[in-house]
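Q: Got a structure here, written out as structure tokens. Questions coming.
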Amino acid sequence: MKKIVIGTFLSTSLLLSACSIGAPNDEMLSETLAKVYEEEQGYRDAQEKLAELEKKEQSTFNATMKLTQEQKAEVTLKVEELKASLYERLTLLKEENESIKNAQESLSSFEAIVDDTKDKEVKTALNNLKSLLETRYEAHAVVSSEYQKLTDLQIKLYDMLADEKTEQAQLQEQVLNVNKQNDVVQSAINAFNEATKKVNATKSSVYDSLDEEK
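Position one of the sequence shown corresponds to residue 90 (this note's numbering), numbered consecutively onward.
Have a look at this one:
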């Protein structure tokens with residue numbers, strides 16, 4: 090049987106701990122980005138816990154697959170462990186989404202910075218940074234949605250493991266469905282990571298532009 094992959098939800102972190110240069114717009118941008126970074130602490134905490142859960146859940150699943158139908162009591166216990174872990178992951182996903190939502194709301198301060206900036210090129214750079222941040226949060230929404238779909242397929246698989254009426258062909262098909270969706274999740278994570286890298290790279294150039302504006 091093709092091995093199932095529980096999935097890894099680790100992704101690149103936003104690097105927003107920038108120092109203030111001293112000009113008003115520099116300070117406003119630093120404060121805004123620092124607020125965003127602070128609001129994303131819940132996201133970073135959830136990521137760490139998710140990684141630990143996924144690793145343990147993968148091990149439990151592999152152990153469950155080695156059991157025979159005659160070991161029904163052990164299979165039942167393992168499936169309960171798997172489902173408990175999955176529900177804990179969903180709780181962490183909810184916490185992560187809340188953290189990202191709060192961080193996104195912190196971007197409202199960008200408008201004041203843009204309005205206070207006289208240089209057109211700097212305005213463009215600031216708007217570009219804000220747009221990249223919004224794109225990053227949109228990418229996270231895709232990750233979250235696809236991850237939810239993955240857990241839906243996984244919970245169905247776990248229920249099938251505990252059901253004596255499940256045929257081997259049905260189980261193999263569901264494993265295939267889970268692995269396919271996991272590939273979709275990984276692709277969404279890669280897109281989110283790329284969006285994060287673009288934000289981190291653009292942030293430095295925006296500070297340079299603000300410094301030149303002084």
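Ideal Cβ positions, reconstructed from N, Cα and C, are used throughout, including at glycine. From a predicted model like this one, the values you see are computed outputs, not experimental measurements.
(1) Cα separation between residue 111 and residue 142?
(2) Looking only at its own chain, which residues have a Cβ that is under 7 Å from the Cβ of residue 107, when we skip the five neighbours before and after it?
(3) So, residue 232 versus residue 277, is the Cβ gap smaller than 8 Å?
(4) If residue 267 and residue 235 are in contact, beta carbons under 8 Å, what's the gap, nearest whole angstrom?
(5) Among the candidates 228, 261, 166 and 156, whose CA atom is the shortest distance from the CA of residue 242?
(6) With distances taken from CA atoms, which of 215, 239 and 180 is nearest residue 117?
(7) Just to confirm, is the Cβ distance from residue 202 to residue 129 under 8 Å?
(8) Please state the DSSP three-state secondary structure of residue 213.
(9) Quick check for students: name the residue ranges of the beta strand (DSSP E) that lie wholly in the stretch 159-226, counting only runs of 3 or more.
(10) With contact counted as at least three CB pairs below 8 Å, one residue from each stretch, are the stretch 164-184 and the stretch 245-258 in contact?
A: Reading from the atomic positions:
(1) Reliability of the predicted coordinates at residue 111 is poor, the pLDDT of 41 falling under 50, and no value is obtained from them.
(2) Low local confidence applies: a pLDDT of 39 at residue 107 is under 50, so the model's placement there is unreliable, and no value is given.
(3) yes
(4) The Cβ separation is near 12 Å, so there is no contact.
(5) 261
(6) 215
(7) no
(8) helix
(9) none
(10) yes
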